[in-house]
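Numbering (the numbering used here), first residue to last: 2 to 619. For each residue, glycine too, the CB sits at the ideal point set by N, CA and C.
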Amino acid sequence: MKMRGTGTVLATAAGIVVLGLLAGRCAPSAPKGAKKGGAQSDIAAAAMKVYVAPGDLDEYYLFSSGGHSGQIFVYGVPSMRHIVTIPVFTPYPGTGYGFDDDSKKMLGEFTWGDAHHPALSETKGDYDGRWLFINDMNGRIARIDLRDFKTKEIVGPIPNVSGNHASSFVTPNTEYALMGSRFSIPIPKGTVAGIDKYATEYKGVVAGIKIDPQTGHMSLGWQILMPPFDYDLGDAGKLASDGWAFFTSYNTERATGKLEVTASQRDRDYIAAVDWRAAEKAIAEGKGDTIGGVKVLDPKKVPGVVYFMPCGKSPHGVDVAPDGKYIIGSGKLAGITTAFNWEKVQTAIRNKDFTGDEDGIPVLKYESIKDAEVPVGLGPLHTQFGPDGYAYTSLFVDSAIAKWKLGTWEVVDKVPMSYSIGHLCAAEGDTVSPDGKWLVGLNKLSHGRHLSVGPSQPESSQLVDISEEKMKLVLDAFTEPEPHYAQMVKADKLHPIEVYPKEENKHPLAVWDVKDAGLTRTGSKVLVKMVEVRSTITPTDFEVKEGDDVTLAITNIEQTTDMLHGLGLLDYNINVVVDPGETKTVTFKAKKKGVYPYYCTNFCSALHQEMQGYMIVR
Ligand code: K7E
Ligand code: CUA
């Protein structure tokens, strides 16, 4: 979400004693946030907490979304050091992503994505370290394999889901990744209806993308036709509420034009509660109507799959507590967040405790399903959880994080964020067993807290120590655009490989011996099997004819950690990076006569500079 400049209330930097800490060590001036005297011991204590000595490893991985950069950025916590970038929806020359045949095909026609919500795969509601999913506003979801930190699959654009923001939240056993349309449109795509027909002819859709439990492969699951609201965020129920999915919606006014005015008329919007097991069953029984080539359930014809829970106006996040008993949803312009009691929701459904309906979807009675309105502060957006019944809610307007207790609803602490926090991420804070310890605030603004870099300013992420009663801000980090959500997982849950074992390489064009490298021609199609190993690219030269279709199949036959090789081909816009044990192909037309050098782009040995060759085009 971009809310830059709207009602921003800046926190007073003077109130924050420990920030600016590391800057203070190497900058000529004293850290802005640090007070004289007594604060020094706080600074030292904070420094000790976040300091990861050279050669030591962080305790957690933080997977932070890259927003409209289309990537995922991986940080270590508590150091907040950027470790690696995982390219997902956008080409990334650093790893050759989007240049070789397979990744180019996966990206399709897109050169960008808008990726907001990473979701680690779960088993019984806990991160299992297998996969990472992330949404793209362009109706897509990607799957990254955490065995090698590579994007393996992108599905979509999925029909009927327009502006896939309420995504990619997964269910507790990774049965589904959620999708929801932020923008209602006439469906199927391509249908035209004027804006004056918005209230009746535009439709929203919420959906579940099915995930194969063995392979992680994604396919269409269920879709539900919804009134033309803007479906904003989602979360899967767990334990007590397992089998359900929740989506916030705004603009239940069905308004058009300046939504900042027109969509804030009503006091309440809704959280949609979807019984996804019922939806799954109804789809299996063939109860859907085909729209855009996909079976879509109409709640009028399939009662019981979806209910509306009224919520403070214009809600943003919806977050399910670790035991699944509370659903937390906030009107983002309000000063309170509402804790809905799942038991009461079920009772209200059973008793048909409805106040009306929206296009056939029953609306539950707010008073019957809420347990508390917690006075967290202004502009509540998102909530994460600790291990001890505490909840942490980000406050965009107050630019702070509130800590409060589930059950007693008492707000016990607040820490200012610099500035304008969106999401927040606690260690395993959306699982059935949150770790506590660390929390990262993902802020929209960073002004004045870093060396000036001109008008394109970075966003900031701030590390908060939540191991004690009082929250303590301990570190500033600056992030690539644009961190929306992030997830933090204990490092020992992941077991990545560092080379691709030779015996697993089943690529049909792989060659493991330089003797097998070389060129074969079939008509105007030329295949060059290449071997890369320190410090030669074999063949060291090859000849093709102008107009040939050339495929280079490059195998890096190293089996040693870190021994990556690249292949840059000058004037042909070709840049491939091949990891140890990997084979990649790149196909192009030899449309320019002449002599074109190629070389290894990835520094690999003392003789890296000798790793080169020539393509001669006659
Ligand atoms: Cu709050 Cu896209 Cu989840 Cu931005 S979203 S903050
Ligand atoms: Cu191989 Cu540089």
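For this session: Just the C-alpha distance for PRO29 and ALA478, rounded to the nearest angstrom, thanks.
Result: Start at 1 with the first residue of the sequence shown, and residue 29 comes out as number 28. Start at 1 with the first residue of the sequence shown, and residue 478 comes out as number 477. The predicted model places PRO29 with a pLDDT of 33, which falls under 50 and marks its position as unreliable; any figure quoted below should be read in that light. Their Cα atoms are separated by approximately 19 Å.
Exercise. If you check the beta carbons only, do GLN385 and TYR393 fall under 7 Å apart?
Worked result: The residue you call residue 385 lines up with position 384 of the sequence shown. The residue you call residue 393 lines up with position 392 of the sequence shown. Closer than 7 Å, so yes.
Problem set entry | Outcome for ASP596 when other beta-carbon atoms lying within 10 angstroms are tallied against a minimum of 16 | The sequence position of residue 596 within the sequence shown is 595, counting from 1. Checking the sequence shown, residue 596 turns out to be Val, not Asp. It counts as exposed.
Exercise. How is the beta strand (DSSP E) around TYR271 delimited, first residue to last?
Worked result: Position 270 of the sequence shown, counted from the start, is the residue given in the question as residue 271. 269-276 is the extent of the beta strand (DSSP E) around TYR271.
For this session: Please indicate yes or no: does the CB of GLY313 lie closer than 6 Å to some heavy atom of the ligand K7E?
Result: Here residue 313 corresponds to residue number 312 of the sequence shown, with the count starting at 1. Incorrect: GLY313 has no Cβ contact closer than 6 Å to the ligand K7E.
Exercise. Is MET531 near the ligand CUA, with its Cβ less than 6 Å from a heavy atom?
Worked result: Locating residue 531 in the sequence shown gives position 530, where the first residue counts as 1. False, no ligand heavy atom lies under 6 Å from that Cβ.
Exercise. Contact check, ARG269 vs GLY313 under 8 Å by CB: the rounded distance?
Worked result: Taking the first residue of the sequence shown as position 1, residue 269 is located at position 268. Taking the first residue of the sequence shown as position 1, residue 313 is located at position 312. Confirmed, about 7 Å.
Problem set entry | Contact under 7 Å by Cβ, LYS494 with TYR128 | The residue given as residue 494 occupies position 493 in the sequence shown. The residue given as residue 128 occupies position 127 in the sequence shown. In this structure, TYR128 lies closer than 7 Å to LYS494 by Cβ.
For this session: Within its chain, find whatever has a CB closer than 8 Å to the CB of LYS190; leave out the 5 residues flanking it on each side and keep chain order.
Result: Counting from one through the sequence shown, the residue named residue 190 turns up at place 189. Excluding sequence neighbours, LYS190 sits near PRO160, ASN161, SER163 and GLY293.
For this session: Any chance you could list the beta strand (DSSP E) runs of at least 3 consecutive residues sitting entirely within the segment 79-153, in chain order?
Result: 83-88, 119-124, 127-137 and 141-146
Exercise. Within 6 Å: the Cβ of TYR486 and any heavy atom of the ligand K7E?
Worked result: Here residue 486 refers to the residue found at position 485 of the sequence shown. Indeed, a heavy atom of the ligand K7E lies less than 6 Å from the Cβ.
Exercise. How about LYS204 and LEU179: are their beta carbons less than 7 Å apart?
Worked result: Counted from its first residue, the sequence shown places residue 204 at position 203. Counted from its first residue, the sequence shown places residue 179 at position 178. Result no, Cβ atoms of LYS204 and LEU179 do not sit closer than 7 Å.
Problem set entry | Other residues of its chain near THR562: CB distance less than 8 Å, five sequence neighbours each side excluded | Here residue 562 refers to the residue found at position 561 when the sequence shown is read from its first residue. The answer, listed in chain order, is GLU499, VAL500 and PRO581.
Exercise. What does DSSP give as the partner residues of LYS211 in its beta bridges?
Worked result: By 1-based counting over the sequence shown, the position of residue 211 is 210. LYS211 is bridged to TYR177 and SER220.
Exercise. Span of the beta strand (DSSP E) holding VAL171?
Worked result: Looking up residue 171 in the sequence shown gives position 170. No beta strand (DSSP E) holds VAL171; DSSP gives it neither H nor E.
Problem set entry | C-alpha gap between GLY548 and ASP137, whole angstroms | If you number the sequence shown from 1, residue 548 lands on position 547. If you number the sequence shown from 1, residue 137 lands on position 136. Taking the straight line joining both Cα atoms gives about 37 Å.
Exercise. Apart from the five residues just before and just after ILE212, which ones in its own chain have a Cβ nearer than 7 Å to its Cβ?
Worked result: Walking along the sequence shown from the start, residue 212 turns up at place 211. Hits under 7 Å: THR175, GLU176, TYR177, ALA178 and MET219.
For this session: Output the boundary residues of the beta strand (DSSP E) element that contains LEU343.
Result: For the purposes of this step, residue 343 is identified with residue 342 of the sequence shown, where counting begins at 1. For clarity, residue 343 is Trp in the given sequence; the question names Leu instead. Premise fails: TRP343 lies in the alpha helix (DSSP H), 343-351, not in any beta strand (DSSP E).
Problem set entry | Euclidean distance between Cα positions of TRP113 and ASP233 | For this step, residue 113 is matched to residue 112 along the sequence shown. For this step, residue 233 is matched to residue 232 along the sequence shown. Going by the C-alpha atoms only, they are around 21 Å apart.
For this session: Say yes only if the C-beta of HIS117 is nearer than 6 Å to one or more non-hydrogen atoms of the ligand K7E, and no if none qualify.
Result: Start at 1 with the first residue of the sequence shown, and residue 117 comes out as number 116. Yes, Cβ of HIS117 sits closer than 6 Å to a heavy atom of the ligand K7E.
For this session: May I ask which residues mark the beginning and end of the alpha helix (DSSP H) holding ILE292?
Result: Here residue 292 refers to the residue found at position 291 when the sequence shown is read from its first residue. Per DSSP, ILE292 belongs to no alpha helix (DSSP H); it is in the beta strand (DSSP E), 290-292.
Exercise. Where does LYS516 fall in DSSP's three states?
Worked result: In the sequence shown, counting from the first residue as 1, residue 516 sits at position 515. In the structure shown, LYS516 sits in a helix (DSSP, three-state: H, G or I).
Exercise. What do you reckon, is the C-beta of GLY423 under 6 Å from a heavy atom of the ligand K7E?
Worked result: Within the sequence shown, the letter at position 422 stands for residue 423. Under cutoff, so the answer is yes.
Exercise. Can you check whether the CB of ILE84 is closer than 7 Å to the CB of ILE73?
Worked result: Here residue 73 refers to the residue found at position 72 when the sequence shown is read from its first residue. Here residue 84 refers to the residue found at position 83 when the sequence shown is read from its first residue. Cβ distance not < 7 Å, so ILE73 and ILE84 don't count as in contact.
For this session: May I have the straight-line CA-CA distance separating ALA274 from LYS301, to the nearest angstrom?
Result: Reading the sequence shown from its first residue, position 273 is the one you call residue 274. Reading the sequence shown from its first residue, position 300 is the one you call residue 301. Near 15 Å, if we compare the C-alpha coordinates of LYS301 and ALA274.
Problem set entry | 7 Å Cβ cutoff met for MET310 and ILE272 | Reading the sequence shown from its first residue, position 309 is the one you call residue 310. Reading the sequence shown from its first residue, position 271 is the one you call residue 272. Against a cut-off of 7 Å, the Cβ pair of ILE272 and MET310 comes out as a contact.
Exercise. Taking Cβ positions only, does HIS83 come closer than 7 Å to chain C?
Worked result: Of the chains in the structure shown, none is chain C; there is only one protein chain.
For this session: Please state whether DSSP places ARG5 in a helix, a strand or coil.
Result: Translated into the one-based positions of the sequence shown, residue 5 becomes position 4. Caution applies to ARG5, whose pLDDT of 40 falls short of 50 and renders its modelled position unreliable; the model cannot decide the point.
Problem set entry | THR7 versus ALA349: straight-line alpha-carbon distance, rounded | Your numbering for residue 7 matches position 6 in the sequence shown. Your numbering for residue 349 matches position 348 in the sequence shown. Reliability fails at THR7, whose pLDDT of 37 lies under 50, so the model's placement of it is uncertain and the value that follows must be treated cautiously. Rounded to whole angstroms, THR7 to ALA349 spans 37 Å at the Cα level.
Exercise. What's the C-alpha gap between LEU452 and LEU464?
Worked result: Taking the first residue of the sequence shown as 1, we reach residue 452 at position 451. Taking the first residue of the sequence shown as 1, we reach residue 464 at position 463. Rounded to the nearest angstrom, the two C-alpha atoms are 19 Å apart.
Exercise. In chain order, what residues of the same chain have a beta carbon less than 8 Å from the beta carbon of GLY16, not counting five sequence neighbours either side?
Worked result: Stepping through the sequence shown from its first residue, residue 16 is reached at position 15. The pLDDT assigned to GLY16 is 35, lower than 50, so where the model puts this residue is not dependable, and the model offers no usable value.
Problem set entry | CB of ARG450 within 7 Å of CB of SER400, strictly | Position 449 of the sequence shown, counted from the start, is the residue given in the question as residue 450. Position 399 of the sequence shown, counted from the start, is the residue given in the question as residue 400. Cβ distance not < 7 Å, so ARG450 and SER400 don't count as in contact.
Exercise. Hey, GLY77 and ASP59: beta-carbon distance below 7 Å or not?
Worked result: Mapped onto the sequence shown, residue 77 falls at position 76. Mapped onto the sequence shown, residue 59 falls at position 58. It is a contact, given that the beta carbons lie within the stated cut-off.
For this session: Give the range of the alpha helix (DSSP H) segment to which SER395 is assigned.
Result: As a working note, residue 395 is residue 394 in the sequence shown. No alpha helix (DSSP H) holds SER395; the beta strand (DSSP E) holding it covers 391-396.
Problem set entry | Cβ neighbour criterion (16 or more within 10 Å) applied to LYS326 | Counted from its first residue, the sequence shown places residue 326 at position 325. With 16 or more other Cβ atoms within 10 Å, it is buried.
For this session: Compute the minimum distance between the beta carbon of MET49 and the heavy atoms of the ligand CUA, and state whether it is under 6 Å.
Result: Position 48 of the sequence shown, counting from 1, holds the residue named residue 49. It does not: the Cβ of MET49 is nowhere closer than 6 Å to a heavy atom of the ligand CUA.
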